[in-house]
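Encoded as structure tokens, the structure appears first; notes follow it.
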Amino acid sequence: MRKSSCLVAVIFALWNCNSLTEPIEIELPNFEKQFAVHALLLDKDTNLYLKIDETIGLDEVLLFNTNLNENLLFDPLIDNPSLDVRISKEDGNEIVFEYLPNEKRPDNFFGNNYIAHLDKPLGKNVGKLKLSIRGKSLPFAKAEVTMPTLVPLVSSKLIPNIGDGKHASPFINVDSVDGLNITFWDPKEKENYYELRIIGKSKNEESDILNFYISNYMTSLNPELKGGRSRFYISDKNFNGEEFSFTILLGLNSVSSESKIVWRSISKEWYEFYTSLSTNSLDQTFTEPNNAYSNIENGSGVFAVGNEIIYPINL
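Okay, so the sequence shown: first residue is 940 according to my numbering, each after it adds one.
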């Protein structure tokens, strides 16, 4: 009966709209296009890549909503090498980026990209970095981050066949998977953020051992862990200055001596961006979307940095 009532209401509303004889004027709010930036830099990088696109304007949003066959979610700055893109370092030096033509872009990079070649790695102690992006038609965009101090692991211990009756999950048979215990000491003097990734070899290629279901499941067991894609993100909000130890499930893939732990100390911006993405539903047709975190002034997206160290599966 409820569905019938809703249908009658919709038909009545449409009949009323069609019966109008005079046009209705609606003043649309101004929506200025801005730079959309995706820049994640690691201490070990010698080639720095920045992905720079353009946010869509309100006119394109309306067109997208009225013509769903048009792919207007992204409006790339096609073949526009004229942007002034640079990073100012704390020591007074600047890193100047150049436009990367389409034929020279890595396979996993989409949209417009800029690259800077360094003579040596960016560095673990590079300090504060200031990004600036200037173009003729869009507002000047900028962001600022500080390279975090690398916090090493104290130990990692592989736990075969972790199934002990305490880790039941509808997605996996935990009797047939391995666990990994991670321990580290968290520095007390400031907030710290971490990213954990486990990789193994599959068909001679490195691939993630963690998967979406396990990430979601493990975060339900340990509130300190935030899941995102095939990685975990950790904030020291509740254990600042203390030893922290946790155990995760590794997944259905077999763990071998070639498996590795990718451990990163990341900036707050890195943590906030990816944890904000993990709260967004894949299907938001009838839900209010959550806004992704952004630290780009006069723009959108993320500029973040991290220190990385790779460990064997057993320390």
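No residue lacks a Cβ here, since even glycine has one placed at the ideal position from N, Cα and C.
Close Cβ partners of residue i (< 7 angstroms) along its chain, the five nearest in sequence each way excluded
i, result
"L980", "L987, L1061, V1244"
"L1089", "K1063, S1204, N1246, I1248"
"K983", "P1060, E1247"
Through-space distance from residue j to residue i, alpha-carbon basis
i, j, result
"E1130", "S1174", "8 angstroms"
"F1036", "K1069", "13 angstroms"
"F1171", "T985", "25 angstroms"
"L1188", "D1117", "6 angstroms"
"T1186", "E971", "47 angstroms"
"K1096", "K1199", "12 angstroms"
"N1120", "I1098", "7 angstroms"
"D1147", "I1252", "13 angstroms"
"L1012", "E993", "Caution applies to L1012, whose pLDDT of 39 falls short of 50 and renders its modelled position unreliable; the value that the coordinates give is listed next. Those two C-alpha atoms are separated by around 10 angstroms."
"G1066", "F1242", "14 angstroms"
"S1276", "N1032", "This structure leaves residue 1276 out entirely; the chain is present only between 940 and 1254."
"L1057", "I1034", "8 angstroms"
"Y1038", "R1073", "13 angstroms"
"E1197", "I1138", "9 angstroms"
"N1100", "W1202", "23 angstroms"
"E1042", "K1176", "44 angstroms"
Beta-ladder partner(s) of residue i, from DSSP
i, result
"L987", "A1055"
"G1118", "I1098, L1188"
"D1147", "I1138"
"L981", "G1245"
"A1231", "Answer by DSSP bridge pairing: none, since A1231 is not bridged."
"D992", "A975"
"S1239", "A975"
"T1085", "K1067"
Nonlocal neighbours in the same chain, by C-beta distance under 8 angstroms from residue i, ignoring five residues either side
i, result
"N1237", "Q973, F974, P1078, F1079, A1080, K1081"
"P1087", "N1131, Y1132, S1204, I1205, S1206, V1244, G1245, N1246"
"K1075", "S1021"
"N1179", "D1125, K1127, E1130, N1131"
Bounding residues of the beta strand (DSSP E) (the contiguous stretch that carries residue i)
i, result
"R1073", "1067–1073"
"D1023", "1023–1028"
"E1037", "1037–1039"
"K1199", "1199–1205"
"V1090", "V1090 -> no beta strand (DSSP E), and no H or E assigned at all."
"S1169", "Where S1169 is concerned, there is no enclosing beta strand (DSSP E), given that its DSSP letter is neither H nor E."
Neighbourhood of residue i by C-beta distance below 6 angstroms, restricted to the same chain and skipping five residues each side
i, result
"E1182", "W1124"
"S1184", "T1122"
"S1215", "A1231, Y1232"
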